[in-house]
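Enquirer:
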Amino acid sequence: MPNGRLVCRFLSTVGWVVLLAAAAFEGGGAGADSGGLAALVPVVPVAPVVPVVPVVPVVPADPAPSAAATKATSRVVAGSITSARTGATYPLDIYLPASYDGGSVAAYPVIYAMDGDAVFNAPGTRFENFERILEKRHAQAILVGIGGTARREQDYLLPGARAYHDFLTQELVPFIEARYRADAHKRMLTGLSWSGSMTGLALFMEAASGTLTFSHFLAFEASFDSQEAENNALEQRMFDAWGRNKPLPATLVLTRCDSPRDCNFGNVNDMYKRLRSRGYPQFVMTETTYIQTHPGTDVASFADVAARLFP
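Each residue of the sequence shown is one higher than the one before, starting from 2 at the first, in this note's numbering.
1) Measure the C-alpha to C-alpha separation of Leu173 and Pro296 and round it to an integer number of angstroms.
2) Helix, strand or coil for Val120 per DSSP?
3) My output table needs one value for Phe206: the three-state DSSP class, helix, strand or coil.
4) Return the Cβ separation of Ala223 and Gly201 in integer angstroms, given the expectation that the two are a contact with Cβ distance under 8 angstroms.
5) Suppose the cutoff is 8 angstroms on Cβ atoms and the five residues either side in sequence are ignored; what does the same chain contact list for Leu159 look like?
6) Using a Cβ-Cβ cutoff of less than 8 angstroms, which residues in the same chain neighbour Asp241 once the five nearest sequence positions on both sides are dropped?
7) Once you ignore the five residues that flank Leu393 on each side, which residues in its own chain have a CB closer than 7 angstroms to its CB?
8) Kindly identify the DSSP beta-bridge partner or partners of Thr258.
9) Nearest-angstrom Cα distance between Glu207 and Arg188?
10) Which residues in the same chain have their Cβ closer than 6 angstroms to the Cβ of Asp156, if we skip the five residues on either side of it in sequence?
11) Is Phe303 closer than 8 angstroms to Ile1 when the C-beta atoms are compared?
12) Looking at Ala1: is its Cβ nearer than 8 angstroms to the Cβ of Phe128?
13) Taking CB distances under 8 angstroms as the criterion, tell me whether Ala73 reaches chain D.
14) Does the distance from the CB of Ser100 to the CB of Ala73 come in under 8 angstroms?
15) Along the beta strand (DSSP E) that carries Lys187, what are the first and last residues, could you check?
16) Mind checking which residues open and close the alpha helix (DSSP H) that includes Phe215?
17) Can you look up Met272 in the DSSP assignment and give me helix, strand or coil?
18) Kindly list the residues whose CB is nearer than 6 angstroms to the CB of Gly103, restricted to its own chain and excluding five residues on each side of it in sequence; keep chain order.
19) Can you list the beta strand (DSSP E) stretches of 3 or more residues lying completely in the region 90 to 118, in chain order?
20) Using a threshold of 8 angstroms, state whether the C-beta atoms of Leu249 and Tyr273 are closer than that.
21) Could you check where the beta strand (DSSP E) with Ser81 kicks off and where it finishes?
22) Using the DSSP secondary-structure output, state which residues sit across from Met199 in a beta bridge.
23) Ignore the nearest five residues each way along the sequence and tell me which others in Ser84's own chain have a CB closer than 6 angstroms to its CB.
24) When the Cα atoms are used, what is the spatial distance from Leu213 to Ser198?
25) Given a cut-off of 8 angstroms, decide if Val77 and Ile111 are closer than it, judged by their beta-carbon atoms.
26) Check Ala220 in the structure and name its three-state DSSP category.
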């Protein structure tokens, strides 16, 4: 029977254990110092049991983020600046391209856009329209929208234009360049209509003083006829300071729309011809006419300029 065989095997095993134990006892003697069974078994140092730890491959604590997760985006910083020159506070919108926060350490050209908060081409402001153009082109440039449209007549026409120009060159430009990686060799000033003529005034005043703050002057549909005598007098001072022998390292972009009645068609061309006749060395000047309205010329002009400056 199965149970009987199991019992036999158990007894047989127990018997062998008893016999071995007895033999060991007899062979060791019964001396008082024998220590019994324990004396017959040599003491072998036992090494501490060290758990076997499996080798785990080295894996970063956090997986490397994907390119999509770390991709920088453009951003707009809103702020303001109070001018000691004009006594006014001007809202500022500052567009930074995606590359600015994407690991680049480069200095960026800066475009200073007067009338930044004006809605010339709805629904966006002048700043917002220009921002979209730069964003679409992935242009590597900073855009500064200068508000204060309500002060256009006071700031863009003489005599107030002098204080406003001091604000631009002595306060705003240092303010921006102290906070952002701006290329001091590529400063651009742009305006439309009255702020367009202010752009021309800035060129004339800076050149007459012998020091250029801006490198590019982008005057769209400039109202040079608003103060024609004053504009021409300042341009004459520029010519007296620079003449035909001294290089004038500046770029002037003049644009106009095509209607002699509804646009600054004639006076823009008059200024273009006057400046061209001077023959300023190294002075770069262009004039472009658009089939557009007076305000519509603004967006078309900036889109073309952006394509040329930031291909």
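The beta carbon of each residue, even a glycine, is placed where N, CA and C say it ideally should be.
Expert: From the atom records:
1) 26 angstroms
2) coil
3) Checking the displayed sequence, the identity of residue 206 turns out to be Met instead of Phe. Reduced to three states, the DSSP call for Met206 is helix.
4) 6 angstroms
5) Leu202, Gln228, Glu231
6) Ala209
7) Look at the range of the chain in this structure, 2 to 312, and you will see that residue 393 is not part of it.
8) Looking at the sequence shown, residue 258 is not Thr but Cys. BP columns for Cys258 point to Tyr291.
9) 13 angstroms
10) Tyr165
11) Because the chain spans 2 through 312 in this model, residue 1 falls outside it and cannot be assessed.
12) For the chain, the structure presents residues 2 to 312; residue 1 sits outside this window and is missing.
13) Among the protein chains of the structure shown there is no chain D, as only one such chain exists.
14) yes
15) 183 to 193
16) Element bounds for Phe215: n/a, residue is neither H nor E.
17) helix
18) Ala73
19) 90 to 97, 109 to 114
20) no
21) 76 to 83
22) Paired residues: none, contrary to the question.
23) Phe168, Glu172
24) 17 angstroms
25) Ile is not the amino acid found at residue 111; the sequence shown has Val there. Contact: no.
26) strand
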